[in-house]
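Q: A single structure is presented below for examination.
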Amino acid sequence: MSLSRLLLDILVCPIDKGELWYFEEEHFLYNPRLKRKYRIVDDIPVMLVEESEVVDAAEDERIVKMRG
């Protein structure tokens, strides 16, 4: 199941309040400005900063390429 468009329209990064990219197949939301990943568990975005992951340059590059 994917996240609803309505939910995606209102979700923002809790740190910078900016837009997040959604990667349905890999179950995460991504903030490209902060290089930070937010997991989606059982169709629920985990938006706690302390639960998020800062990715390295290689992972950021991979994610940006996936975005197109």
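Mapped onto my numbering, the consecutive letters of the sequence shown carry residue numbers 1092 to 1159. Heads up, the beta-carbon is just placed ideally off N, CA and C, and yes, glycines get one too.
#1: Smallest Cα separation from residue 1125: which of 1146, 1094 and 1114?
#2: Quick check: the Cα distance between residue 1158 and residue 1120, rounded to an integer number of angstroms?
#3: Return the first residue and the last residue of the beta strand (DSSP E) that residue 1131 is part of.
#4: One question on the structure: do residue 1144 and residue 1128 come within less than 7 Å of each other, judged by their Cβ atoms?
#5: Just the C-alpha distance for residue 1135 and residue 1099, rounded to the nearest angstrom, thanks.
#6: Would you mind reading off the limits of the alpha helix (DSSP H) that contains residue 1099?
A: This is what the structure holds:
#1: 1146
#2: 12 Å
#3: 1127–1132
#4: yes
#5: 11 Å
#6: 1096–1101
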